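Going by the working numbering, the letters in the sequence shown line up with residues 36 to 247, in that order. Positions of the beta carbon are idealized from the N, C-alpha and C atoms, including for glycine. The model shown is predicted, which means the values in this text are computed figures rather than measured ones. Notes to accompany the following structure.
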Amino acid sequence: MSLIIEVPFAEKDEAKSLGAKWNPELKKWYVEERQNYYKFEKWILGNKEKTHILCDYFYIVEGTHICFKCNKPTTVIGFGVQKFFEVYDSNEYGKKDNFYFVDDDIHIASHIEPLPKDFLDILKEKYNYYESYSKTANESYLVNHCSNCKVIQGDFFLFQEVDTPFFIDSIEKAKQLKLYKIPLKNDLIVNLDIGWGSNDYIIDEYAQKFNF
Ligand SMILES: [Zn+2]
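Structure below.
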């Protein structure tokens with residue numbers, strides 16, 4: 036496993052001196068060892084206050100939801116994350132401590148961004164998950180759509196409300212989730228919106244698991 040980082044040309048010597056390696060095929064710098072990621076905070080975090088590094092794999096979490104518009108059941112997706120770094124600003128959290136490694140329960144994220152284009156094409160084709168304009172947010176974002184009537188199944192209703200497939204409060208609900216494991220060739224710097232549910236520990240044990 037390794038992590039590809041975006042290093043501006045002017046900073047290449049600095050990255051190299053910290054131990055970054057050059058991949059001539061991709062024409063990108065990368066970091067080999069997870070315990071060294073923290074040395075590259077500058078390029079991993081950039082100007083952001085917080086980011087994440089997904090490690091090894093993640094899941095597509097498939098659930099069934101009744102469309103508020105046509106009242107028919109439709110398949111909706113979120114993402115399952117289990118093994119990742121939360122990365123914060125070292126000025127606030129201290130060097131090394133600002134890279135917090137999580138590896139226990141599966142938590143459900145409403146978003147992982149960015150995702151590769153070919154993968155997004157599959158999500159659109161298979162799940163009606165694609166970019167739509169939101170009047171409330173005044174921007175386009177990736178969102179679930181009803182498989183029958185194509186109406187947006189908004190994030191708030193899917194991920195914040197109690198009566199949704201992703202709100203796990205019983206073993207029965209966990210059993211209805213289908214998890215498709217997506218292996219990663221490299222660790223991935225992404226933005227995640229994670230819902231931390233107090234019953235998330237039952238997802239790993241009771242959800243149905245498949246390979247994608
Ligand atoms: Zn519908």
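Buried or exposed for residue i, please, with buried defined as at least 16 other CB atoms from any protein chain shown within 10 angstroms of its CB.
i           : result
residue 172 : exposed
residue 61  : exposed
residue 83  : exposed
Do the CB positions of residue i and residue j come within less than 9 Å of each other?
i           : j           : result
residue 121 : residue 142 : no
residue 118 : residue 137 : yes
residue 75  : residue 112 : no
residue 147 : residue 116 : yes
residue 145 : residue 204 : no
Beta carbon of residue i: closer than 8 Å to some heavy atom of ligand 1?
i           : result
residue 183 : yes
residue 104 : yes
residue 186 : yes
residue 199 : no
residue 99  : no
residue 110 : no
Run through DSSP, which three-state label would residue i get?
i           : result
residue 242 : coil
residue 203 : coil
residue 118 : strand
residue 64  : strand
residue 46  : helix
residue 212 : coil
What does the alpha-carbon distance come out to for the pair residue i and residue j?
i           : j           : result
residue 99  : residue 238 : 16 Å
residue 123 : residue 107 : 42 Å
residue 165 : residue 159 : 5 Å
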